[in-house]
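Peer 1:
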Amino acid sequence: MRFSTLSALVAISIQALPVTHAQGPVVYPVKRAQSINAVHVPTYNEQWIYTVEIAIGNPPQKTLVQVDTGSPDLWVNANCSSAPTEFGLDDLCKKVPRYSPKTAQGPLGSRLLGYGSGDIGALVDIYEDTVEVGDAKVKSQKFGVASNSRGIPIGIMGLGPVLNASFAVNESYHLLLDSMAAQKVIASRAYSLGLGSASDDQGSLIFGGLDKGRYSGALQKLPIVKSRDGGTRDLGAELNEELGFYLVDCAVRDHKGGVTFGFGDGEITVPFREFIFTAQGLCAVGLEGVKDGQQILGDSFLRAAYGKCLDNSEKCANLLVVFD
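Residue numbering for the sequence shown is -22 to -1, 1 to 302, as defined by mature numbering (1 follows the signal peptide of the UniProt record, and there is no 0).
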């Protein structure tokens, strides 16, 4: 069964953007007139998805959401009875604290959200409340609380481009990145993402800045291509009839070399140890075939690159660099 995870849509043209190597998170000068701290949030490697902790309401109710760069919406409370059973994802769902919207404003309406292909999605009621992300408090944020969902282990923090805005409740509203910038929590609708290796327990998500200590060399700038696909795990959107993955001998992970992706004059090579993932004694290639349509770069690729989105809009650009 397909479930939504972190994904990124990119074009194949790039241009170099020189960046000086330094340690620690810094605010990238998207808006030079402002001096606003970046917001750092650790990401947690759950083997098949990457999660972050947020808190909603007053008093704050903590919960986990998975990071998705291919969709724009924030919602919580996935239906565990219809969560994927592969590799313990349904058990993960049961461990995630549930959010109660009793003190929130709403419901303000409802929305059906779809992800990837098939019947994977969520029916959410829309509420408004304070959302805490790291040290940042985002006031009057609209988000979804699932009344039902299918094929998704936990709620989603969507950081994707607003190509087809959701949650239209008789008026426009700010998505999470919009609100953080509008309330001057960060200087611009920008974020950077470094997942680390497949064996790392934690990665880094920074709103309004980037961590120059996570890479060396020059970032590569790529425009995002408009697509209706909300995201899948790896490079395509087609499942096989069994597990949906190509299984390989685990010894291949120790072989030298990797899979190289070309972007204009630039290349990013994903080592075999990162491209082949493991769970419950099985090893699978982080690659799936697609007959036609949009190609998607997912976790297997992003673990070998550091990404920064300069503007969460149709003109968004990703900055990618190979890990040293």
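The beta carbon of each residue, even a glycine, is placed where N, CA and C say it ideally should be.
Restricting to Cα atoms, I'd like to know which of Ala262, Val226, Ile132 and Val230 is closest to Cys58.
Peer 2: Here the closest residue by C-alpha is Ile132.
Peer 1: Do Val45 and Ala114 come within 8 Å of each other at the CB atom, strictly closer than that value?
Peer 2: no
Peer 1: Check whether the stretch 161 to 169 and the stretch 91 to 108 touch, using three or more Cβ-Cβ pairs below 8 Å as the test.
Peer 2: no
Peer 1: In or out: Val54 buried (at least 16 other Cβ within 10 Å) or exposed?
Peer 2: buried
Peer 1: If you scan the stretch 85 to 129 from start to end, which runs of the beta strand (DSSP E) of 3 or more residues do you find wholly inside it?
Peer 2: 88 to 92, 99 to 111 and 114 to 128
Peer 1: Do the stretch 64 to 72 and the stretch 149 to 159 make contact, defined as three or more Cβ pairs closer than 8 Å?
Peer 2: no
Peer 1: First and last residue of the alpha helix (DSSP H) that includes Ala160?
Peer 2: Secondary structure note for Ala160: its alpha helix (DSSP H) is the uninterrupted segment Leu154 to Ala160.
Peer 1: Determine the direct distance from the alpha carbon of Gly35 to that of Thr108, and round the result to whole angstroms.
Peer 2: Rounded to whole angstroms, Thr108 to Gly35 spans 5 Å at the Cα level.
Peer 1: Across which residues does DSSP place Glu31 in a beta bridge pair?
Peer 2: Leu42
Peer 1: Compare the C-alpha of Ile130 against each of Thr21, Val248, Tyr93 and Val116 and name the closest.
Peer 2: Tyr93
Peer 1: Taking the alpha carbon of Gly236 as the point to measure from, which residue in Asp227, Phe250, Val230 and Cys228 has its own alpha carbon closest?
Peer 2: Phe250
Peer 1: I need the DSSP call for Gly66, collapsed to helix, strand or coil.
Peer 2: Here Gly66 carries a helix assignment [DSSP, helix/strand/coil].
Peer 1: Measuring alpha carbon to alpha carbon, tell me which of Lys73, Thr238 and Tyr169 ends up nearest Gly138.
Peer 2: Tyr169
Peer 1: Among the residues of its own chain, which have a CB less than 7 Å from the CB of Leu225, if the five just before and after it don't count?
Peer 2: Only Leu260, Cys261 and Ala262 meet the Cβ criterion.
Peer 1: Between Lys234, Thr256, Phe239 and Thr238, which has its C-alpha nearest Asp227's C-alpha?
Peer 2: Thr256
Peer 1: Which residues mark the beginning and the end of the beta strand (DSSP E) in which Ala196 is found?
Peer 2: First-last for Ala196: undefined, no H or E at that position.
Peer 1: Rank Ser60, Ala176 and Val43 by C-alpha distance to the C-alpha of Ile254 and give the top, closest one.
Peer 2: Ala176
Peer 1: Distance cutoff 8 Å, beta carbons only. Does Tyr77 sit that close to anything in chain B?
Peer 2: This model lacks chain B altogether, as it is built from one protein chain only.
Peer 1: Alpha carbon to alpha carbon, how far is Lys40 from Ala33?
Peer 2: 4 Å
Peer 1: Is the beta carbon of Gly174 sitting closer than 8 Å to the one on Gly181?
Peer 2: Yes, Cβ-Cβ distance for Gly174 and Gly181 is below 8 Å.
Peer 1: State the start and end residues of the unbroken alpha helix (DSSP H) segment that holds Arg251.
Peer 2: Residues Phe250 to Phe253.
Peer 1: So, is Leu70 buried or exposed, given that buried needs 16 or more other C-beta atoms within 10 angstroms?
Peer 2: Within 10 angstroms of the beta-carbon of Leu70 lie 16 or more other beta-carbons, which makes it buried.
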